[in-house]
Amino acid sequence: QGKFWEMDDQLFGKQDIWSTSPNPRQNFINMASEIKLDIEKFKSDMDSKVVKNKVQADLASGNKAEINSTPTFFLNGNKIELTTLDEFKKLLLK
2 QGKFWEMDDQ
12 LFGKQDIWST
22 SPNPRQNFIN
32 MASEIKLDIE
42 KFKSDMDSKV
52 VKNKVQADLA
62 SGNKAEINST
72 PTFFLNGNKI
82 ELTTLDEFKK
92 LLLK
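Under this note's numbering, think of the first position of the sequence shown as 2, with each following residue one higher.
In structure tokens:
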């Protein structure tokens, strides 16, 4: 619906709310409503088998790569865990 970044802001800005909810569906619907998405289309997309399969595939890929937080960085196919921007810069300059 052309509002990826607006929804991205909602999801990350309200992560503490929906991530602890046993069923965050209504939280997502509320966020979509706040940014004026077509709610019926949004619900239809959430219920779509195609969308569910894509999410499951992405989740499986993330689990296989041992991604457990964002951001997660890879360099030359290897997961790197750094704590500072300076460490990241040094590694990139090697």
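Backbone N, C-alpha and C fix where the C-beta goes; we use that ideal spot for every residue, glycine too.
Checklist entry - Which stretch, first to last residue, makes up the beta strand (DSSP E) that contains residue 38? => result Here residue 38 refers to the residue found at position 37 of the sequence shown. No beta strand (DSSP E) contains residue 38, which DSSP labels as neither H nor E.
Item to check | Bridge partner(s) assigned by DSSP for residue 74 | outcome: Here residue 74 refers to the residue found at position 73 of the sequence shown. Paired residues: 81.
Checklist entry - In three-state DSSP terms, what is residue 14? => result One-based indexing of the sequence shown puts residue 14 at position 13. The answer is helix: DSSP assigns residue 14 an H, G or I state.
Checklist entry - Do residue 11 and residue 42 have their C-beta atoms closer together than 8 angstroms? => result By 1-based counting over the sequence shown, the position of residue 11 is 10. By 1-based counting over the sequence shown, the position of residue 42 is 41. No, the Cβ-Cβ distance between residue 11 and residue 42 is not below 8 angstroms.
Checklist entry - Which two residues bound the contiguous alpha helix (DSSP H) that contains residue 66? => result Working through the sequence shown from its first residue, we reach residue 66 at position 65. That residue, residue 66, is in no alpha helix (DSSP H); it is neither H nor E in DSSP.
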